[in-house]
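Each residue of the sequence shown is one higher than the last, beginning at 350 in the working numbering.
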Amino acid sequence: MRDLLLEIGTEELPAHVVDLGTKQLKEKAAALLAEHRIGHGPMSAWGTPRRLALYVAQVEEMQADLVEEVKGPPASVAFVEGQATKAALGFAERQGVHVSELVVKKTPQGEYVFAQRKQQGLASREILPAFLPQLIAALSFPKTMRWGAYDFRFPRPIRWLVALFGDEVVPFSIAGVDSGNLSWGHRFYRSEPVPVTPSTYLDDLRRAYVIVDGEERRQTIIRQVEEVAKACGGQVLWDEDLLAEVTNLVEYPVAVWGEFGSDMLELPQEVLITPMKEHQRYFAVLNQQGELLPRFIAVANGGKDNLSEVRQGFERVLAARLADAKFFWEVDRKIPLEGYLEKLKGIIFQEALGTMHAKTARVVDLAVGLAEELGLAEHAPVVRRAAELAKADLATNMVYEFPELQGVMGREYALGSGESPAVAKAIYEHYLPRFAGDELPETVPGMIVSIADKMDSIAGCFAVGLIPTGSQDPYALRRQALGIIQIILAKELNLPLTALIQRAQVGLADQVAPTLETANQMREFFLGRLRGILTGEGIPYDVIDAVLAVESDRLPDLLARCRAVAEGLDSQEMTALLTACERVANLAAKADHRKVDPALLVERAEQELYQVYQGVKDMVAKKMAAADYRGALAELVQLSGPIDAFFDQVLVMAEDESLRGNRLALLGSLT
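Printed below as a string of structure tokens:
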């Protein structure tokens, strides 16, 4: 056995491509090795901005033999009185086996003759020259490019290839690049090629100022950033997304801290953090009270020998960014937030749905209507004002330059314009939740405007045919639908899905005529997102399907029903009840909907079932009305024993039509 190493050296890859590439390398390599019948040991995939690498330990020297079983003629044709016929001889010859090696096996079609054909495995070293290019070509990325005169596509041009089976180079070529045993180290700190072997690969490149293992780089960054934060008198404001991105932007991380003017602290905290994170990939630094300090931490790709120059470069770039932000802040505040509403007429939301100004008008009407629908009319004034101003900050200089600050700037500019804190907070909250795991709106106005805005986007896009398909969701409708569902469930809002869809469609009537087909599509779209939430809670699919068949309009009620059923699903009592219900359902379908006549209940078991049913029915109705679904199930469990006794002791399909019909009616009443 030998170890296998593949390294694809490239120009600088986008950060997100590194994780995607390493994940695929490992998955597709495992699948292709299995397909080629090549045994192997543990497997690892690593990546940096300039390389994707695969290491497979203990790869077998030989491909496993392939044994195929081929079906031949019927046994009755192949052998007559124990002697092989021409049919058997011809079949054996075609399969390359002796007739004595044929075996007879039973099949659903009768007895047939089979031959086992063995294909000798090839040496792994003979397979790998075709296998590795096949593996590289199998990698899939959202965006790829061609370079030179070659048709091969990859996220960035391939500059070198390392392919080693033990110490032996696996020869192949891609886009004019031949494989070999030479890698390359850090672009600036190691200018000559680096000989590598599979077993020493990580150490070979570490000496060349490249930490190939992404997790090792991540831990190095965490350790260095925390040390630097402590040294500059603060603590780092960690951001997992930023950490993941920075990890894949550098090959040899070196953390360095810098400063910016303390006068910038007059700006809202988000205005400072956003340029640091989104544009410069810097970490913010806080004091012990959680307040922003005029410092930052950047992660350089090497540069230990000239940290002073590196720091100055980082400070100079950030200073320019923050100066722009301060200028926008000062200019934007020269007019009140309301003054930007007219400019929304020049911002297109969607060509067929009009401008952001038109969308704002729809959201105002929908939000106020939802407040009334929910019995929260006392919040209507704040809801109306927040909805009117919710999109105004899109016309400001700050949000134009830093789109990530939408909502944040709306809140800040609203406060600066004399709007109430309630209106300002609702403006910010109407964008929540922005991503999985994000906070939900805390206030009633924020919650209502958030639902209204998202629902208008969903209804509008569905109306003009912009329905998410596969990976295509340019208006983030899936995320917005999830946000609506999360708010409704978390706040336990009595807001029927049907009513929400209808209200949104009515608001769009001037742009697009509402249709029942579109309403049904939206309903299924929401229920699809809801299924994901429920399965994420561990609720079985069959429970979800069963509950949806009864209740699919009031989402908190649906969730409560699912939880009640799922919690008791594995209990003996619930198992007995489900078995009993299945027996009832099989015969209840034959009932003719007549009422049960107690006088015709002549057997003791059917009398007892009817009596228990009468008591349980009333209690179940009360508990269902109170949404006590666990209690309702506890009552229903009492029926399983009487149902079993009924089926054991009573002949349902009696010859007497009146008895038979009455017993079927009794079963029908249980469903």
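Just so it is clear, CB atoms sit at the ideal spot from N, CA and C, and this is done for glycine as well.
Just mark residue i as buried or exposed, buried being the case when its beta carbon has 16 or more other beta carbons within 10 Å.
i: Glu778; result: buried
i: Tyr890; result: exposed
i: Asp802; result: buried
i: Trp587; result: exposed
i: His942; result: exposed
i: Pro391; result: exposed
i: Asn530; result: buried
i: Glu727; result: exposed
i: Lys944; result: exposed
i: Leu865; result: exposed
i: Gly1037; result: In the structure displayed, the chain extends from 350 to 1020; residue 1037 sits before or after that span and is not available.
i: Ile684; result: exposed
i: Asp859; result: exposed
i: His535; result: buried
i: Val680; result: exposed
For residue i, which three-state DSSP category applies?
i: Tyr749; result: helix
i: Val899; result: coil
i: Thr359; result: strand
i: Gly534; result: coil
i: Glu875; result: Checking the sequence, you will find Phe at residue 875 rather than Glu. Residue state, collapsed to three classes: helix.
i: Thr569; result: helix
i: Asp352; result: strand
i: Thr928; result: helix
i: Gly1017; result: helix
i: Met411; result: strand
i: Ser769; result: coil
i: Thr884; result: helix
i: Ser425; result: helix
i: Tyr404; result: strand
i: Gln995; result: Residue identity differs from the one stated: residue 995 is Phe in this sequence, not Gln. Reduced to three states, the DSSP call for Phe995 is helix.
i: Val1001; result: coil
i: Thr709; result: helix
i: Thr596; result: helix
i: Ala735; result: helix
Pull up the CB-CB distance for residue i and residue j, whole angstroms please, since I reckon it's below 8 Å.
i: Leu719; j: Ile836; result: Rounded, the Cβ-Cβ distance is 11 Å, inconsistent with contact.
i: Ile816; j: Arg878; result: Not confirmed; about 13 Å, so no contact.
i: Gly607; j: Phe645; result: 6 Å
i: Thr371; j: Gly388; result: So it is not a contact: roughly 23 Å between Cβ atoms.
i: Arg324; j: Ala913; result: Any question about residue 324 goes unanswered here, given that the chain covers just 350 to 1020.
i: Leu656; j: Gly583; result: Actually they do not touch by this definition, with Cβ atoms about 18 Å apart.
i: Pro794; j: Ala771; result: 6 Å
i: Leu401; j: Leu374; result: 6 Å
i: Met350; j: Val408; result: 6 Å
Between the alpha carbons of residue i and residue j, how many angstroms are there, rounded?
i: Leu1000; j: Cys911; result: 35 Å
i: Leu958; j: Lys708; result: 59 Å
i: Val405; j: Glu417; result: 28 Å
i: Gln465; j: Lys454; result: 12 Å
i: Phe1029; j: Gly756; result: Lying outside 350 to 1020, the shown extent of the chain, residue 1029 is not represented and no answer is given.
i: Gln870; j: Pro624; result: 40 Å
i: Lys675; j: Val748; result: 13 Å
i: Phe503; j: Ile523; result: 11 Å
i: Tyr461; j: Val419; result: 10 Å
i: Asp414; j: Leu451; result: 19 Å
i: Arg734; j: Ala773; result: 9 Å
i: Ala848; j: Leu876; result: 15 Å
i: Val307; j: Arg1012; result: Absent from the model: residue 307. The displayed extent of the chain is 350 to 1020, so no value can be given.
i: Val666; j: Val518; result: 45 Å
i: Val577; j: Gln618; result: 21 Å
i: Leu591; j: Glu361; result: 18 Å
i: Arg682; j: Leu754; result: 15 Å
i: Ile571; j: Lys626; result: 16 Å
i: Glu594; j: Val366; result: 10 Å
i: Ala994; j: Leu927; result: 15 Å
i: Leu982; j: Arg783; result: 38 Å
i: Tyr558; j: Phe537; result: 9 Å
i: Glu873; j: Gly809; result: 16 Å
i: Gln998; j: Met973; result: 31 Å
i: Val574; j: Ala649; result: 11 Å
i: Asp977; j: Val603; result: 59 Å
Would the C-beta of residue i count as close to the ligand SAM, meaning under 7 Å from any of its heavy atoms?
i: Trp606; result: In terms of ligand content, the structure shown is empty, and the ligand SAM therefore cannot be addressed.
Determine, for residue i, whether the minimum Cβ-Cβ distance to residues of chain B falls below 8 Å.
i: Gly809; result: As a matter of chain content, chain B is missing from the structure shown, which is built from one protein chain.
So within the segment 625-706, which uninterrupted beta strand (DSSP E) runs reach at least 3 residues, ignoring any that extend past its ends? 632-635, 641-650, 697-699
With a floor of 3 residues, list each beta strand (DSSP E) that falls wholly inside the segment 481-541, ordered by position along the chain. 507-514, 526-529, 531-533
Counting only runs of 3+ residues fully inside the segment 784-851, write out the beta strand (DSSP E) ranges in chain order. none
Fully enclosed by the segment 949-994, which alpha helix (DSSP H) runs are 4 residues long or longer? 953-974, 978-985
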